[in-house]
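So the structure is just underneath, and the comments pick up after that.
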Amino acid sequence: MKEVTGKPTTSHIADRIIGEAKALLHHTNWDVAEIGQSLGFEYSSYFNNFFKKHTGSTPLSFHKAV
């Protein structure tokens, strides 16, 4: 995968999860914990840390900005 796209598989997976998280934050009334759980995160703190690492903002602040 990396030879073809220049990005490792984990980056593609993270991009996909972040894209889905942004869509859910934008288009649903679910709270952050529900969105994290629906994306496979056992704890909302893991989802918060993952989202912030990849976007630079927390899911809650992204949701409020949209």
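The sequence shown: position 32 = 32 (UniProt numbering), numbered continuously.
Using N, Cα and C, we set each Cβ at its ideal position, and we do this for glycine too.
Keep in mind that this is a model prediction, so the values were computed, not measured.
ask   = Which runs of the alpha helix (DSSP H) fall wholly inside the UniProt domain "HTH araC/xylS-type" (1 to 65) and span at least 4 residues, in chain order?
value = 2 to 5, 9 to 27, 32 to 38, 44 to 55, 59 to 65
inquiry  = Using a Cβ distance threshold of 8 Å, determine whether the segment 28 to 35 contacts the segment 3 to 17, with at least three qualifying pairs required.
reply    = no
key: Meets three-Cβ-pair contact criterion under 8 Å: the segment 8 to 15 and the segment 36 to 48   = no
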